[in-house]
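*Asks:* Okay, so the sequence shown: first residue is 1 according to this note's numbering, each after it adds one. Cβ coordinates follow ideal geometry from the N, Cα and C atoms, glycine included. Computed from a predicted model, the values in this text were never measured in an experiment. This is the structure I have questions about; it appears just below.
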Amino acid sequence: MISPFYNTICPADVYLKEKKEMTDKEKDEKFFGRGNPAMELEVIKAEGSYIYGADGKKYVDFLGGAGVGNLGWGVQEIEDAIRNKERPSYVYPNFRYKPWTELAELLAELTPNHLVKSYRMTGGSEAVEAALEMATMYTGRKKIVSIEGSYHGNTMGALSIGASKKQKPFPNLLQGCEKIELPLNEEKLKHLEELLSSNHVAAVIMEPVIINLGVIIPEKEFMSGLNRICKATGTLLIMDEAITGFGRTGKMFASEHFDIQPDILCMAKAITAGHAGMGAVITSEEIDKKVGGKIGLYSSYGWHPVAVDASLAALHFLQENRERLFENIRQLEETFKKGISGVEFAESPEVRIIGAAIGIDLKDEDYASEVKEKALQNGLLINTEGSSLLFLPNFQMSAETAVEGIELLKTCV
Ligand SMILES: Cc1ncc(COP(=O)(O)O)c(C=O)c1O
1 MISPFYNTIC PADVYLKEKK EMTDKEKDEK FFGRGNPAME LEVIKAEGSY
51 IYGADGKKYV DFLGGAGVGN LGWGVQEIED AIRNKERPSY VYPNFRYKPW
101 TELAELLAEL TPNHLVKSYR MTGGSEAVEA ALEMATMYTG RKKIVSIEGS
151 YHGNTMGALS IGASKKQKPF PNLLQGCEKI ELPLNEEKLK HLEELLSSNH
201 VAAVIMEPVI INLGVIIPEK EFMSGLNRIC KATGTLLIMD EAITGFGRTG
251 KMFASEHFDI QPDILCMAKA ITAGHAGMGA VITSEEIDKK VGGKIGLYSS
301 YGWHPVAVDA SLAALHFLQE NRERLFENIR QLEETFKKGI SGVEFAESPE
351 VRIIGAAIGI DLKDEDYASE VKEKALQNGL LINTEGSSLL FLPNFQMSAE
401 TAVEGIELLK TCV
């Protein structure tokens with residue numbers, strides 16, 4: 001047989017012996033494909049605001065599964081809904097299934113008023129693809145405008161509208177994709193007005209608060225200007241709320257911070273609070289009338305029954321505890337603002353906080369990576385986006401845990 005270890009023919013018993021002698025880490029490196037190298041943390045348990053490693057260490061979790069874990073880990077109500085329920089093991093997408101209707105109705109209730117029609121997706125990238133398909137079909141136009149450096153997922157369409165430098169090895173599927181550079185100011189609005197007045201642009205897509213660029217909070221004037229230009233030119237406005245949705249910025253959806261009317265809104269991540277893979281894209285009746293049934297929105301595993309039960313439980317929990325959770329987000333915002341001001345970074349950083357989305361721009365990518373690495377060693381899990389540290393704590397995190405994490409951060413800078 002062919003050994004996966006050497007490109008030579010080797011007897012089965014030699015292959016099996018080599019495999020047996022490999023450590024778990026070596027096996028991970030050998031057999032498990034990853035976009036990024038694995039961190040030195042093997043997870044065995046996640047509970048509340050803490051992650052537990054196979055090394056016996058307990059880590060304060062400011063990473064929150066990159067925005068997935070908005071309610072903290074192991075929420076009993078969601079665990080129960082998954083485990084203690086009878087359901088079909090699978091439902092073919094063209095059948096009717098009551099929990100699908102229930103979830104779609106709930107999403108229409110939670111999202112801005114005019115958005116009513118939800119489509120089933122397995123995650124954020126798929127939701128973004130569907131949104132782009134909808135916009136190009138609805139408008140009959142081919143160009144898309146996005147924010148330079150942004151991230152909208154790993155599929156080819158999503159990569160094409162994302163950061164130019166990350167899409168380099170691939171063909172840009174959307175040949176007409178134009179990128180708007182930060183900062184988002186008056187000058188960029190003028191540029192957008194020129195671009196969109198050509199009537200070739202199907203949609204502008206962005207995160208309403210750009211968490212993937214280290215929590216960039218656009219000016220209200222920029223967003224209402226963008227909305228005005230889109231409406232005047234028949235260009236659709238797509239808000240990718242894969243991370244910002246379901247409370248992350250202190251509102252149910254970050255679009256609500258602005259005077260805008262998104263035509264399509266993408267959801268993922270916290271839609272199940274981390275208990276199953278799921279995404280959704282929601283649009284207006286008017287748009288749906290023109291695109292519904294015409295584009296390939298079939299997804300074999302879109303809204304699998306287990307994921308739907310997890311999502312219904314997570315969203316009901318969010319709804320029922322809304323006041324308490326949103327009050328805690330406000331308090332966390334204050335705790336982080338105060339705590340971070342007491343951290344002695346190498347140079348004074350730019351701190352951007354909105355709700356439970358916290359970006360600390362250290363203006364130095366290497367330094368940010370060093371802090372992240374040291375934090376891991378010292379028992380604190382954080383993320384980075386370029387030169388910014390990114391914290392996405394869950395909405396049930398206590399002030400004590402937030403302070404515990406900030407104290408650990410002090411030992412890493
Ligand atoms: C804004 C945004 N859009 C889309 C995606 C892709 O989502 P998924 O990883 O579920 O495909 C992400 C993931 O980080 C995201 O942050």
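1) Over what stretch of residues does the beta strand (DSSP E) that includes asparagine 383 continue unbroken?
2) Quick one: Cα of arginine 34 to Cα of glutamate 126, how far?
3) Would the beta-carbon of glycine 123 fall within 8 Å of that of glycine 279?
4) So, is arginine 83 buried or exposed, given that buried needs 16 or more other C-beta atoms within 10 angstroms?
5) Which class does isoleucine 329 belong to by DSSP, given the choice of helix, strand or coil?
6) In three-state terms, what does DSSP make of alanine 276?
7) For the segment 201 to 210 against the segment 133 to 140, do three or more pairs of beta-carbon atoms, one drawn from each stretch, fall closer than 8 Å, so that the two count as touching?
8) If I measure Cβ to Cβ from methionine 239 and keep anything under 6 Å in the same chain, skipping five residues before and after, which residues do I get?
9) Given phenylalanine 317, which residues of its chain have a CB within under 7 Å of its CB, disregarding the five upstream and five downstream residues?
10) What I want to know is whether the C-beta of alanine 356 ends up closer than 7 Å to one or more non-hydrogen atoms of ligand 1.
11) Should leucine 107 be labelled buried (16 or more other beta-carbon atoms within 10 Å of its own) or exposed?
12) Can you tell me which of the three DSSP states serine 224 falls into?
13) Distance check for glycine 277 and aspartate 13, CA to CA, integer angstroms please.
14) Going by beta carbon distance, what residues of the same chain come within less than 7 Å of threonine 401, once the five residues before and after it are set aside?
15) By Cβ distance, which residues of its chain are closer than 7 Å to threonine 272, with the 5 residues on each side in sequence left out?
16) Please list the segments of the alpha helix (DSSP H) lying wholly inside the segment 169 to 251, counting only runs of 4 or more residues, in order along the chain.
17) So does lysine 289 have its beta carbon nearer than 7 Å to some heavy atom of ligand 1?
*Replies:* For this structure:
1) 383 to 385
2) 19 Å
3) yes
4) exposed
5) helix
6) coil
7) yes
8) Pro208, Ser255, Pro262 and Leu265
9) Leu71, Val75, Glu77 and Ile78
10) no
11) buried
12) helix
13) 39 Å
14) Ser49 and Val60
15) Met278, Ala307, Ala310, Ser311 and Ala314
16) 186 to 196 and 220 to 233
17) no
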